[in-house]
Amino acid sequence: MTITGIITALIIGAIVGVLGRLVVPGKQAMPIWLTVVVGIIAAFLGTALARAIGIPTATNGIDWRELAVQVLLAAVGVALVAGFYGRGHSGRRRPLVR
Numbered sequence: 088m089t090i091t092g093i094i095t096a097l098i099i100g101a102i103v104g105v106l107g108r109l110v111v112p113g114k115q116a117m118p119i120w121l122t123v124v125v126g127i128i129a130a131f132l133g134t135a136l137a138r139a140i141g142i143p144t145a146t147n148g149i150d151w152r153e154l155a156v157q158v159l160l161a162a163v164g165v166a167l168v169a170g171f172y173g174r175g176h177s178g179r180r181r182p183l184v185r
């Protein structure tokens, strides 16, 4: 994978993470940077899964079925991470001075 491919994958992963978060109903108690990380992981895993089930990933233009797999994985990942993250964090920052 080239540097351009990696940068593109990171950008697509960030978009996939945000789309995955939009698909999950309710409010997720997790920061946006964590959503982006989940999206990047889902983008890489989604491409691998799409290839494994026979969806062509090297096409001209946007691979809609591959993108659907990535967003589905991102939605599952966001739901799981939000569930775990929400238990330990109240969403409020502690003051620096007490």
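Start counting the sequence shown at 88; every next residue gets the next number (this note's numbering).
Don't be surprised by glycine CBs; every beta carbon is placed ideally from N, CA and C.
These figures come from a predicted structure and were not determined experimentally.
### Task
Pick out whichever of Ala-135, Ala-166, Gly-164 and Val-123 has its Cα sitting closest to the Cα of Ala-152.
As a position in the sequence shown, residue 152 is number 65, starting the count at 1. It is worth fixing the name first, because residue 152 is Arg in this sequence and not Ala. Distances from the alpha-carbon of Arg-152 to those of Ala-135, Ala-166, Gly-164 and Val-123 put Ala-135 closest.
Check: Do you know whose CA, among Gly-92, Asp-150, Gly-104 and Ala-96, lies nearest Leu-159's CA?
Finding: Looking up residue 159 in the sequence shown gives position 72. Among Gly-92, Asp-150, Gly-104 and Ala-96, the Cα nearest to that of Leu-159 belongs to Gly-104.
Practice problem: Could you pull out every residue in the same chain whose Cβ sits closer than 7 Å to the Cβ of Ala-162, ignoring the five residues on either side in sequence? | Solution: Residue numbering aside, residue 162 sits at position 75 when the sequence shown is read from its first letter. Within the same chain, Cβ atoms closer than 7 Å to the Cβ of Ala-162 are found at Gly-107, Val-110 and Val-111, the five residues on either side in sequence being excluded.
- Task: Find out if the Cβ-Cβ distance for the pair Gln-115, Ala-155 is shorter than 7 Å.
- Result: In the sequence shown, counting from the first residue as 1, residue 115 sits at position 28. In the sequence shown, counting from the first residue as 1, residue 155 sits at position 68. Going by C-beta atoms, Gln-115 is not nearer than 7 Å to Ala-155.
With distances taken Cα to Cα, identify the nearest neighbour of Ala-96 among Ile-128, Ile-140 and Ile-142. For the purposes of this step, residue 96 is taken as the residue at position 9 of the sequence shown. Looking at Ile-128, Ile-140 and Ile-142, the one whose alpha-carbon comes closest to that of Ala-96 is Ile-128.
Exercise. On the premise that Ala-137 lies in contact with Thr-144, defined as a C-beta separation below 8 Å, what is that separation, rounded to the nearest angstrom?
Worked result: As a first step, residue 144 must be located in the sequence shown, where it is residue number 57. As a first step, residue 137 must be located in the sequence shown, where it is residue number 50. About 5 Å separates the CB atoms of Thr-144 and Ala-137; that is less than 8 Å, so the two are in contact.
Q) How about Gly-141 and Gln-157: do their beta carbons lie closer than 7 Å? A) The residue you call residue 141 lines up with position 54 of the sequence shown. The residue you call residue 157 lines up with position 70 of the sequence shown. No.
| field | Backbone CA spacing between Phe-171 and Ala-101 [nearest angstrom] | value | Within the sequence shown, the letter at position 84 stands for residue 171. Within the sequence shown, the letter at position 14 stands for residue 101. Their Cα atoms are separated by approximately 20 Å.
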